[in-house]
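Student:
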Amino acid sequence: MINYNKMIFELSNKGRVGYSLPKEIFSDYNIEQLEDSLLRKEELLLPEVSELDVLRHFTNISNKNFGVENGFYPLGSCTMKYNPKINEEMASNGAFKNLHPLQPSRTVQGAFEVYYNLQKYLSEISGLEEFSLNPYAGAHGELVGLMVIKSYHQERGDFKRNKIIIPDSAHGTNPASTVVCGMEVVEIASNKRGRVDLESLKSVLNDEVAGMMLTNPNTLGIFENDIVEITKLVHDAGGLMYYDGANLNALLGKVRPGDMGFDVMHINLHKTFSTPHGGGGPGSGPVGVTKMLTKYLPNPRIKKLDDYFYVENSGQALGQISSYFGNYLVALRAYAYIRTLGKENLSMVGRYATLNANYISNALKTAYELPISGYCMHEVVFNGLTNKDNDIKTLDIAKRLLDYGMHAPTIYFPLLFPQSIMIEPTETESKETIDEFINIMHKIAIEAKEEPEKLKQAPTKTPIRRTDEVFAAKMMIFSYKDYIEYINNRG
Amino acid sequence: MFKYFPHTKADIDSMLKSLNISSIDEIFHDVPKSVVFNGDYDVPSFMSESELRNHFASLSKKNQELTLFSGLGIYDHYQPAVINALTQRQEFMTSYTPYQPEISQGTLQYIFEYQSMIQTLTGLEVSNASMYDGATSTAEACFMACAVTKRNKVLLSSTLNPNIVNVIKTYLKFKNLEFDFVNEVSGSIDLDDLKKKLNKDIAGVIVQKPNVYGIIEDYDGFSELIKENKSLFIINSDISTLGVLKSPKEDGADIACGDCQSLGMPVAFGGPTLGYLATEKKYVRKMPGRICGYTHDLEGKRAFVLTLQAREQHIRRSKANSNICSNQSLMALYVTIYLSLMGKEGLKEVNNLSYQGAHYLYDSLVKTGKFTDPFKKPFLKEFTLETTIPKESIQTALLENGIFGGIGLDVFGEQYNGLINFTVTEKRTKDEIDNLISILGGLS
Amino acid sequence: MSKVVEGLYYSKSHEWVKVLEEDMVLIGITDFAQSELGDVVFVDLPDVGDTISQEDEFGAVESVKAASDLVAPVSGEILEVNEDLIGEPELLNKEPYDNWLLKVKLENADELGNLLSSEEYKEFIK
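If you read the sequences in order, they're chains A, B and C.
The letter at position 468 of the first sequence is residue 649 when you use this note's numbering, and the numbering goes up by one with no holes.
The letter at position 128 of the second sequence is residue 137 when you use this note's numbering, and the numbering goes up by one with no holes.
The letter at position 67 of the third sequence is residue 79 when you use this note's numbering, and the numbering goes up by one with no holes.
1. Along the alpha helix (DSSP H) that carries Thr145 of chain B, what are the first and last residues, could you check?
2. Tell me whether Asn172 of chain B is buried or exposed, calling it buried when 16 or more other Cβ atoms sit within 10 Å of its Cβ.
3. Specify the secondary structure class of Arg646 of chain A as computed by DSSP and reduced to three states.
4. Would you mind sorting Met441 of chain A into buried or exposed? The rule is 16 or more other CB atoms within 10 Å of its CB.
5. Give me the chain C residues within the contact set of Glu650 of chain A, using Cβ-Cβ distance strictly less than 7 Å, ordered along the chain.
6. Please list the residues of the region 281–298 of chain A that have a C-beta atom closer than 7 Å to any C-beta atom in chain B, keeping them in chain order.
7. For Lys375 of chain A, would you say it is in contact with chain B, using Cβ-to-Cβ distances shorter than 8 Å as the test?
8. According to DSSP, Ile398 of chain B sits in a beta bridge with which residue or residues?
9. Counting only beta-carbon separations shorter than 8 Å, does Gly79 of chain C have a partner in chain B?
10. So Val214 of chain B packs on Leu254 of chain B, CB below 8 Å; how close in whole Å?
11. In three-state terms, what does DSSP make of Pro633 of chain A?
12. Below 8 Å between beta carbons is the criterion; list the residues of the region 372–399 of chain B that meet it against any residue of chain A, in chain order.
13. Please report whether the beta-carbon of Lys655 of chain A lies at a distance below 8 Å from any beta-carbon of chain C.
14. Roughly how many whole angstroms lie between the Cα atoms of Val562 of chain A and Asn480 of chain A?
15. Would you kindly check if the distance between the Cβ of Gly71 of chain C and the Cβ of Leu57 of chain C is under 8 Å?
16. Is the shortest distance between the beta-carbon of Ala319 of chain B and the beta-carbons of chain C less than 8 Å?
17. Please say whether Arg437 of chain A and Phe46 of chain B have beta carbons closer to each other than 8 Å?
18. Do Leu433 of chain A and Leu527 of chain A have their C-beta atoms within less than 8 Å of each other?
19. Decide if the region 284–292 of chain A is in contact with the region 477–495 of chain A; the criterion is three or more beta carbon pairs, one per stretch, under 8 Å apart.
20. Put Asp417 of chain A into one of helix, strand or coil per three-state DSSP.
21. Quick one: does Ile177 of chain B have its CB under 8 Å from some CB of chain C?
22. Check this for me: beta carbons of Leu389 of chain B and Tyr364 of chain B, under 8 Å apart or not?
23. Which residue or residues does DSSP assign as beta-bridge partners of Met473 of chain A?
24. Going by DSSP, which residues form a beta bridge with Pro348 of chain A?
25. For His458 of chain A, which beta-bridge partners are listed by DSSP?
26. Leaving out the 5 sequence neighbours to the left and right, which residues in its chain are closer than 6 Å to Pro552 of chain A when beta-carbon positions are compared?
27. Looking at the secondary structure, which residues open and close the alpha helix (DSSP H) in which Thr240 of chain A lies?
28. State yes or no: is the beta carbon of Ile324 of chain B nearer than 8 Å to at least one beta carbon in chain C?
29. At least one CB of chain B closer than 8 Å to the CB of Leu583 of chain A: is that the case?
30. Quick one: Cα of Gly308 of chain A to Cα of Gly439 of chain A, how far?
31. Please decide whether Val55 of chain C counts as near chain A, where near means a Cβ-Cβ distance under 8 Å.
32. Does Thr17 of chain B pass the burial test, meaning 16 or more other C-beta atoms within 10 Å, or should it be called exposed?
33. Mind checking whether the beta-carbon of Thr145 of chain B lies closer than 7 Å to any heavy atom of the ligand NAD?
34. For Tyr222 of chain B and Phe384 of chain B, which I take to be in contact (beta-carbon distance under 8 Å), what is that distance rounded to the nearest angstrom?
35. For Ile242 of chain A, which residues in the same chain have their Cβ closer than 6 Å to its Cβ, ignoring the five residues on either side in sequence?
36. Select from A:Lys187, A:Asn184, A:Tyr185, A:Leu192 the residue whose C-alpha is nearest the C-alpha of Leu350 of chain B.
In structure tokens form, the structure reads like this:
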């Protein structure tokens, strides 16, 4: 059914229903009793379909997707590890998912225990004092972490500290979060080894610096080995260090951000702690801080007194950044993951992830240009093919991989190289899978030389082929209503 | 060996050999010794699958699943079985943001269908592919209004749910933007006070319908006034109610926002839910978040792609209007499946059944003489009453009977003392409602 | 090799200025700018009557993969905006030197001295 090509609206047939609702009991009342001026006049464009129609429609379109259980998903910076089924089973437990967030504490002690203990585990794993699980995603965590930093300086009356130092290799969210937090970005260039350049760093440090955001390993998959010096320089200048947890998977069991001197961080539970990416969300971006900063963490907080858990709303907090307790059921999955692995297995995650990445790096470095030599951490970045003849671009390589039944790596990021290919295998992939990937990548390199057209035309075996993005941006067809208008105008 | 690590001893040895090293730890030789973490984390030992099940079973016993007569932003509506069956499909659940459209048409298509449904419910031209929740989508709507009008202050209705207000206040404070409140008069936003406070500094006016009291506010005359001031009119709604109530477009809104939890999602202890955000096309470039658009592939086949990405953080970096990077995609799938099943008739019926139950409860409670309505305004599925019965007595009596409801609004602050919220969805049976009435009728 | 037209003034942010008569100029983006951007899908321009000032942003040009701010090469009042570009932004890809963005009444003709000549600009984009 790979050729299934219908929108749900196109299956609609007036009078068909896909629901079963209770009988009317209180028929003395009717919503039509509301004043007419309060009621909707405009017709709703919603489908009328049967239950089986709905199942077939969404099953058929799901087959046009690629998930972690379809095959290798080496999307760099995204940590596409296996999402355990047992976590889903735990999250579907009615005793958690049917809790209303305003229920009295005594009726939700189990839910609070999961929240409280997960934040404890994350604190231990990070070497920090306390976490809030309320931020909804990584970028949300960044924003909240920066709010902590800003609050810290402002409470001390140090209002001129309004600049955040960010390396040029950083994720786009870092500068964007900084601006949303009402602060200014100071970008510093990387050195030839792809790391923070200490001299550039020194040259921007002054009494206007609020802090520095850093991903370590950085977005090139390289460990910032001057990290101790970096955090010391920033601290000496009066700034705080923010750890972007995007690449935490590499360090699990090996290095703790708090021990490197970071003051604030976020963790992407949907990366390091195995919760599903959901096609773009819901994620979860808990924020952790050192002891001196715990008072700024957002409300509401879950606290423990003896064996009783309760909600605290503190006046010193930076405020509220979510309606309730964040994406609670996502956090619950991460809790199940940590309890399943336990201390014994958690400590192996980073090791296996980095072993897999280095194995790939070593096996591909002849065919693909490795701009920074030496060991990588959990991911490796190439700059296109070694052989630049035939004008084969990273995009072509990525699209050809799809034909071979594998997901493409992250491409054109980081921005430091024009043809970046960022490969992150994660610890849940076997040597066989990785060998197969390596073979395919070599095959593609040969095709690039011998049959370049095959790459430029790729993919050909996917549900659709390359798309017209200019048309999408110019026509702005964002809804079925727009689509109908477009079809009618076209005649 | 461990079930999530496929590495055998032989695999590791052969991989190490290819790297010319003898242990994995050599890979980390760049890491300064002083920051290497030696030893085990202080977290519990691993659990087998059955141990984990037992552990969760014992945690579950510390929670109470209750019959919910509670609302205030999170509602206990019916969830068709089909939703769980489909959202658990790994093709949807485990995939990433659809950056490779050739192998992500499943996600992209349901996002397009989701946007279409939000479009028709709000009446506005374009919906994004979703935000974190209703409160953050409203905060982002404030940012949008400031970006569009190049002004720095928003007016917030005093009848907004305080959870939304609190989040907006945090967002505005840190971005150095200002706000002020528009007074309420008998449970609704006061048009006269709005008139007084509108001036050339005001970027947008944010109202909520139904509001924190459950009241369906009437915005007759609002949009003209706000447009005349060149400000944007932002309406936050429980989206489910838009199946029957006047749409934001019909009310003259420029931006519609709110939470979609009421469309097929569990109450989930407050999350994950999904925030929707819709506006007119002329403002689309100031709109945060992903947007999916219709196009075709090079063979002319129908296709969907993420579009207008040049607005977003991964391209615009510090010049982006928002830092949002993800969406609540899987929750958008809940919404799309739910609305596909319900259709326009089902959604009307859900609202009508909820309306009927809520009004039956309202009349019955007022009849007991122990509850009075301080507002006497139209409502749909939730309403607010005043009572002299201490809220602790109400809560205790209900909890003893396995019911959660009658929430004292003072959870949001002292200004709400004595006000009690009740919410009835189509899931509440006559027996459950009668039971609630008889328990409350017996209190004093 | 990107086209550079003789007799125009150029800015380092890749706008060109063509002097029509005394204090009246046209402003556009260069061939180099459009080729770096790729297919232009949207042009955001200010309104007639607004003023722009040298080195300040006054709008943006957007392609599917990038967005670039427009930086005013001179200061002045906007007399006309090229409305054709709203419906057909791809004109900027086709003929960047024919399809101007703004017609502006110069505030200070001396500012032209801060800009590059065609020769200098050729060198600049090398």
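All C-beta atoms in this analysis are idealised placements derived from N, C-alpha and C, irrespective of residue type, glycine included.
Tutor: In terms of the structure at hand:
1. 143–158
2. buried
3. The answer is coil: DSSP assigns Arg646 of chain A none of H, G, I, E or B.
4. buried
5. Val76
6. His281, Pro282, Leu283, Gln284, Pro285, Thr288, Val289, Gln290, Gly291, Ala292, Glu294, Val295
7. Sequence check: residue 375 of chain A is Gly here, not Lys. Gly375 of chain A does not count as touching chain B.
8. Note: Ile398 of chain B sits in no beta bridge, so no partner.
9. This sequence places Ala at residue 79 of chain C; Gly is not what is there. Residue-level contact by beta carbon holds for Ala79 of chain C and chain B, with a gap shorter than 8 Å.
10. The Cβ separation is near 19 Å, so there is no contact.
11. helix
12. Residues Pro387, Leu389.
13. So, interface residue.
14. 39 Å
15. Against a cut-off of 8 Å, the Cβ pair of Gly71 of chain C and Leu57 of chain C comes out as a contact.
16. yes
17. Going by beta carbons, Phe46 of chain B and Arg437 of chain A fall inside the 8 Å limit.
18. yes
19. yes
20. If DSSP states are grouped into helix, strand and coil, Asp417 of chain A belongs with the helices.
21. no
22. Their beta carbons are under 8 Å apart, which means Leu389 of chain B touches Tyr364 of chain B by this criterion.
23. Bridge partners of Met473 of chain A: none, in fact.
24. A:Ile369
25. Paired residue(s): none; His458 of chain A is not in a bridge.
26. Asn564, Phe598
27. 232–243
28. yes
29. yes
30. 4 Å
31. Answer no: the Cβ-Cβ gap between Val55 of chain C and chain A never drops below 8 Å.
32. exposed
33. Only the bare structure without any ligand can be found here, which leaves the ligand NAD out of the picture.
34. 6 Å
35. none
36. A:Leu192
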